[in-house]
Structures are given as C-alpha cells and as structure tokens.
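First the structure, in the form of structure tokens, and then the observations on it.
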Amino acid sequence: MRILFASFFLFIFSSSFAQITVESERDSDGNVQIYATNSSLIPYTIQFEFSNLQNLSPTGGTYALGVANPGKSKVATLKKVNANQGTNFSFKYTYLKGNIYAKSKTEPVYLIPVEEGVKVLGGKMTHIENRIRSEANNDTYVGVSFRFDDEVEIVAPRKGVIVDMNMDLIEGKENLAFTREENYIEIYHEDGTWTKLMVLKGGSQKVKLGQEVFPGDVLAISGGENYENGRHIRMTVTKIEKDNLGKLKYMVEPVKFWIAGKGTAVESSSSFEVEHPKELITAEMSKRELKAYEGK
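With mature numbering (1 follows the signal peptide of the UniProt record, and there is no 0) as the guide, the letters of the sequence shown map in order to residues -18 to -1, 1 to 278.
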C-alpha cells in the first residue's frame, strides 16, 4: 500500500513553457518514491538537492538526477536506512529541457537548413556581448549563421519533433545588428539535444507543434531582410551537461554539416551550395519510416 504525503521543497523554473510538477509517495517499507508529471512534449532532466535527510538515503547521491518523460514517471527514490527509526526530508529541484542520458548511435551530420541548390555564406556567430561592448572578447561558441541573397525555404536539418515556436513577430526596424525578439522554431532530437532556427518570416510556418519532421522538410520561409547583414538564418544546437560543481547547465555545441559531400564543421566564413543527399535524409529513419519514404 502506498500513502500519498506532502513534503517541503522549492522548485526553480528553467523555462516559461515547462510545466513540471513533483509529488512524493511513501511505500509500505518506508521508502520515498518521487514522481514527476510533465505536461510538455519532450523529456526534462530534473536535478534534486537534498538539504535535510533523516534516516533516508537518496539513490544517486545529494545531487540526484532524474528524467521526467511526458506524462507521469518516477524520477528519484529515497531509501529508508533504519527500519525502526522515523524519517524526514526536504529538497529543492531544478529542471532543464532534454534528456541528459540520451545518446546518438553515431555522430549526427546536419543539413544546412536551407532549400537545396541555394548558395550560402556560412560562419560562426559572435557572442552578443561582443556586439554590446566594443571592448569585449567573448569567444564562447554560440552557433552558426547562413546568409543568402533571396528569400528561401528553411528546412529541418535533422530528424526530430517540433516542440516550440514563435512566429507572430512582424519585421519592423531597418538595418538591425541584432534584436532580442525574433521568430523561431525548435526541433527536439532523440539524443536529447534540440535545434533552434531563428530569423524566420512571421506567419510563414509550415509545421505544427508535435509534428515529426525529417531532414529537408520545409519548416518556414526565411526572414532577415531588415538586418544590416541581409537575409540569413541562425542555428543553434543545445544539450544539457554538468558544470564543474556538478550542477546542470545548457551548452550550445558545435555540429557537423553536410558540405561538399561530407560532414564538416563550419568555422571561418566560407561559401558553398546546399546539398540534400538521400543518405543523410534517411540516416535516422526507422525501417517503417524508410519504407514509407521509398514508397513516395
């Protein structure tokens, strides 16, 4: 028999879109099972910090991690140490988007997220701090951008699920260097990472939340004509990792793109023509998905 009971804890939101709730249950042996309810489309990684543990031992240590999958799932256990003593506990928790334990079978290669045949100028983006302060020299990796001359279709660079978007903004001011608000679409991947594509034309989305997409599927139309550098698409791939203290954080990671017949990292600015090879489009497809693709 399990008895539902309340405990005292503090939770810290890491995303305004996440809706993660936590509850605790005591089993017949006096152990505490902690469950999370996740109303979003994707997993979230939860980190617990137990500040008060009386006669209870957390599986995974003081900074235990758990993965809250969509719906309700068990994310942590506190085991009773001495059967003849009472128990008490308190904790706080934080959560970040993605599954820290998910992995790729092989290193993924991404399509340049632009329709095939377009010539683009690709390069690493600079940290916004360098834009705001002329004396700044922040070389933190923050993603890549691809410039092009005309309005183009923006496509999915990798298989995934559409999990977030904002496509309501209408471009206004001219000759922008940057803006804090812009249209974007996010795609979550099976290895726990997600891609964010920014600088999209307002109202041009061709996909909806929860939709599965494959490399080359059209997502939206490009924007950026009001930027001083012209039309472009910006792209980041983000994952969860631990910092030096063992706390969770987001990190934008470099990835390889399909350029001139192979997977290549985009470093210094260079021009190339976008290719959508079949072997990359089908690389992460299941047998069922591949059969459906071949039948089209």
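Heads up, the beta-carbon is just placed ideally off N, CA and C, and yes, glycines get one too.
Spatially closest choice to residue i from the options, by CA coordinates
i           : options           : result
residue 251 : 68, 88, 103, 97   : 103
residue 126 : 138, 107, 137     : 107
residue 39  : 80, 15, 81, 213   : 15
residue 203 : 133, 227, 221     : 133
residue 131 : 72, 97, 56        : 97
residue 255 : 99, 137, 200, 216 : 99
residue 44  : 57, 29, 52        : 29
residue 146 : 187, 236, 152     : 187
residue 150 : 163, 229, 138     : 163
residue 10  : 26, 62, 55        : 62
residue 56  : 26, 144, 217, 278 : 26
residue 189 : 136, 217, 101     : 136
residue 74  : 217, 3, 191       : 3
residue 128 : 259, 229, 253     : 253
Integer-rounded CB distance, given that residue j should sit under 8 Å from residue i
i           : j           : result
residue 166 : residue 142 : Going by Cβ atoms, the distance from residue 166 to residue 142 rounds to 14 Å, so no, they are not a contact pair.
residue 7   : residue 17  : 7 Å
residue 206 : residue 234 : Actually they are not in contact, since the Cβ atoms of residue 206 and residue 234 sit about 20 Å apart, beyond 8 Å.
residue 240 : residue 257 : 6 Å
Own chain, CB closer than 8 Å to residue i, minus 5 neighbours either side, in chain order
i           : result
residue 140 : 90, 92, 93, 169, 171, 177, 197, 266
residue 71  : -12, 14, 32, 34, 35, 36, 38, 60
CA-to-CA distance, residue j to residue i, given in whole angstroms
i           : j           : result
residue 59  : residue 5   : 12 Å
residue 354 : residue 249 : Since the displayed the chain opens at -18 and closes at 278, residue 354 lies outside it and no answer follows.
residue 19  : residue 242 : 45 Å
residue 95  : residue 65  : 58 Å
residue 276 : residue 268 : 12 Å
residue 148 : residue 23  : 16 Å
residue 215 : residue 105 : 11 Å
residue 78  : residue 87  : 23 Å
residue 46  : residue 219 : 25 Å
residue 273 : residue 54  : 33 Å
residue 152 : residue 237 : 30 Å
residue 232 : residue 261 : 30 Å
residue 247 : residue 51  : 32 Å
residue 270 : residue 212 : 41 Å
Residues near residue i in its chain [Cβ-Cβ closer than 6 Å; skip 5 each side]
i           : result
residue 174 : 80, 81, 84
residue 245 : 91, 238
Beta-carbon contacts of residue i that lie in its chain and below 7 Å, excluding the five residues immediately before and after
i           : result
residue 263 : 196, 197, 198
residue 21  : 1
What beta strand (DSSP E) runs, 3 residues minimum, are completely inside the region 197 to 262? Correct list: 200 to 203, 214 to 224, 230 to 234, 238 to 241, 244 to 247, 252 to 255.
Can you list, in chain order, the stretches of the beta strand (DSSP E) that have 3 or more residues and sit fully within the region 66 to 91? Those beta strand (DSSP E) runs which fall completely within the region 66 to 91 and span 3+ residues are 70 to 79.
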